[in-house]
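Keeping their order, the protein sequence lines are chains W and L. Per this note's numbering, the very first residue in the first sequence carries number 218; after that it's consecutive. Per this note's numbering, the very first residue in the second sequence carries number 218; after that it's consecutive. Below is one structure; the comments refer to it alone.
Protein chains: 2
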Amino acid sequence: MNPAICLLSGGLDSATSLAVARREDFECYALTFDYGQRHRHEIDAARKIGASLGVVQHVVAPIDLRVFGGSALTSGLAVPKIGPSDGIPVTYVPARNTIFLSFALAWAEVLSSSFIFIGVNAIDYSGYPDCRPEFIGAFEDMANLATKAGVEGRTEMHIRTPLIGMSKGEIISFGRKLGVDFSLTHSCYDPDDAGRACGLCDSCRLRLKGFAEAGFKDPIEYSSENR
Amino acid sequence: MNPAICLLSGGLDSATSLAVARREDFECYALTFDYGQRHRHEIDAARKIGASLGVVQHVVAPIDLRVFGGSALTSGLAVPKIGPSDGIPVTYVPARNTIFLSFALAWAEVLSSSFIFIGVNAIDYSGYPDCRPEFIGAFEDMANLATKAGVEGRTEMHIRTPLIGMSKGEIISFGRKLGVDFSLTHSCYDPDDAGRACGLCDSCRLRLKGFAEAGFKDPIEYSSENR
Chain W
218 MNPAICLLSG
228 GLDSATSLAV
238 ARREDFECYA
248 LTFDYGQRHR
258 HEIDAARKIG
268 ASLGVVQHVV
278 APIDLRVFGG
288 SALTSGLAVP
298 KIGPSDGIPV
308 TYVPARNTIF
318 LSFALAWAEV
328 LSSSFIFIGV
338 NAIDYSGYPD
348 CRPEFIGAFE
358 DMANLATKAG
368 VEGRTEMHIR
378 TPLIGMSKGE
388 IISFGRKLGV
398 DFSLTHSCYD
408 PDDAGRACGL
418 CDSCRLRLKG
428 FAEAGFKDPI
438 EYSSENR
Chain L
218 MNPAICLLSG
228 GLDSATSLAV
238 ARREDFECYA
248 LTFDYGQRHR
258 HEIDAARKIG
268 ASLGVVQHVV
278 APIDLRVFGG
288 SALTSGLAVP
298 KIGPSDGIPV
308 TYVPARNTIF
318 LSFALAWAEV
328 LSSSFIFIGV
338 NAIDYSGYPD
348 CRPEFIGAFE
358 DMANLATKAG
368 VEGRTEMHIR
378 TPLIGMSKGE
388 IISFGRKLGV
398 DFSLTHSCYD
408 PDDAGRACGL
418 CDSCRLRLKG
428 FAEAGFKDPI
438 EYSSENR
């Protein structure tokens, strides 16, 4: 068996990315971050998804990005509810994927794994710079110079982005085919106390648009007035 | 004033790197990591060094690399005391500089800073892959694709490594010229309970060799039998 580190946020993209790794018979080590996000329901969702897809081990790594401030998801800024605006949204977390991939790289090195799966996509990607293929390629180049294995020429690190060219609708259709249980996933930036999605934040809008495109009903619960 | 993020470990390299940034009139934001290292005296040392060199703000960011294991500095492996061996030592922490620079990048983005100072050197570098200029260059390329500012063409990130071409002896001579108080610095991988250096680990050996080369006496205390 071949080990792979699979970044798993609790959302539907990373769940589908993990399902791709499982279909390719990777031994999957799921990595979720507890970075003081307001939507902690994501972490619970990640645990359930990991278990449902048969990961070998699941680490929830605490990292505190609040020490630097700078994002509606980790500081006190309001999450926008009026639909996507131009440019990079306030929900962008500085250097988030760089930090996440760096931790994944550390674990990959410990496990002698050459594969990291991340569910980024460059189509419906909310305008985040660290979801673009150029960024992923540059990270891969850097990773191959950062590690013992790279230096000793023993292995080459591959950052796998199986969803990078897909629309949200295509990801949902693909995930469904792979048997992802979307009822376990969580996307909302601003859920209510019961964990129900708001239906209005950028992430909910993208998700609902994706299900509409894929032509089936989103199985999660929304606050009734917004559905 | 121009803000710069300065990685500060508590050792003499990062102290000297910070002193370079201060001499260039950067407004310095010091960043130290509490990564469950056994030599916690490093963190106390970093605080004193930051204060002595007039940093604007000092953040000690907790990160837990022990969840992945894999190094004598963060797991239960014994620190070697018999002098440097061939290849990459067991005290290597997987992807450490990648993770440290990623956090620095997040803070740089929040502060709209284009400069990160890191005290790596490629001469007496203990054989760590992530201390080499190739690695630093690749990180810089990646950083410029990872951030809002990079994408919007507003700025270019510079990873400054003022010590990269220097021997330990040269760093010590340079730091002394810049007014670094080496009595505040801590290098030992395995200090005693009082925080005194062992004099035998790779890091102590490099330090003592450096002071010998620079031609003056190391002002810190060592366990008496090893000095």
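Quick reminder that beta carbons are idealized off the backbone N, C-alpha and C, glycines included.
Closer than 7 Å to chain L by CB, residue i
{"i": "A339/W", "result": "no"}
{"i": "L270/W", "result": "no"}
{"i": "L362/W", "result": "yes"}
{"i": "P445/W", "result": "Nothing can be reported for residue 445/W, as the shown portion of chain W is limited to 218 through 444."}
{"i": "P379/W", "result": "no"}
{"i": "D347/W", "result": "yes"}
Supposed close pair residue i, residue j - CB separation, criterion 8 Å
{"i": "S440/L", "j": "G416/L", "result": "6 Å"}
{"i": "G163/L", "j": "G427/L", "result": "Nothing can be reported for residue 163/L: it is not among the residues displayed for chain L, which extend from 218 to 444."}
{"i": "A221/L", "j": "A232/L", "result": "That belief does not hold up - the Cβ atoms of A221/L and A232/L are roughly 15 Å apart, past 8 Å."}
{"i": "A363/L", "j": "L322/L", "result": "7 Å"}
{"i": "I266/W", "j": "L225/W", "result": "6 Å"}
{"i": "C223/L", "j": "S234/L", "result": "7 Å"}
{"i": "A263/L", "j": "V397/L", "result": "Not really, about 13 Å apart at Cβ, beyond 8 Å."}
{"i": "G336/W", "j": "D230/W", "result": "4 Å"}
{"i": "S331/W", "j": "M374/W", "result": "6 Å"}
{"i": "F334/L", "j": "R377/L", "result": "5 Å"}
{"i": "V272/L", "j": "V276/W", "result": "Not really, about 33 Å apart at Cβ, beyond 8 Å."}
Residue i in three-state terms, based on DSSP
{"i": "R422/L", "result": "helix"}
{"i": "N219/W", "result": "strand"}
{"i": "V276/L", "result": "strand"}
{"i": "I388/W", "result": "helix"}
{"i": "I376/L", "result": "strand"}
{"i": "A206/L", "result": "In the structure as shown, chain L starts at 218 and stops at 444, and residue 206/L therefore has no counterpart that could be examined."}
{"i": "L224/W", "result": "strand"}
{"i": "A411/W", "result": "coil"}
{"i": "R444/W", "result": "Because R444/W sits at a pLDDT of 49, beneath the cut-off of 50, its placement in the model cannot be relied upon, and the following sentence gives the value as read from the coordinates. If DSSP states are grouped into helix, strand and coil, R444/W belongs with coil."}
{"i": "Y439/L", "result": "strand"}
{"i": "A431/L", "result": "helix"}
{"i": "S231/L", "result": "helix"}
{"i": "V337/W", "result": "coil"}
{"i": "D281/W", "result": "coil"}
{"i": "L401/W", "result": "helix"}
{"i": "I381/L", "result": "coil"}
Endpoints, beta strand (DSSP E) assigned at residue i
{"i": "E244/W", "result": "F243 to D251"}
{"i": "F334/L", "result": "F332 to F334"}
Within chain L, the residues that residue i reaches when beta carbons sit closer than 7 Å
{"i": "F285/W", "result": "A323, W324 and V327"}
{"i": "I280/W", "result": "I280"}
{"i": "A312/W", "result": "S319, L322, A323, E326, A363 and T364"}
CB contact check: residue i to chain W, cutoff 7 Å
{"i": "V273/L", "result": "no"}
{"i": "T183/L", "result": "This structure does not reach residue 183/L, given that chain L is present from 218 up to 444, and the question cannot be answered."}
{"i": "F399/L", "result": "no"}
{"i": "E351/L", "result": "yes"}
{"i": "V237/L", "result": "no"}
Proximal residues of chain W, C-beta to C-beta of residue i below 8 Å
{"i": "T315/L", "result": "S319, L322, A323, M359, A360 and A363"}
{"i": "L225/L", "result": "The contacting residues do not exist; L225/L stays about 15 Å from chain W at best."}
Opening and closing residue of the alpha helix (DSSP H) in which residue i lies
{"i": "F317/W", "result": "R313 to L328"}
{"i": "G267/L", "result": "H258 to S269"}
{"i": "L395/W", "result": "Per DSSP, L395/W belongs to no alpha helix (DSSP H) and is neither H nor E."}
{"i": "L362/W", "result": "P350 to A363"}
Chain-ordered neighbours of residue i on chain W, where CB pairs are closer than 7 Å
{"i": "F356/L", "result": "M359"}
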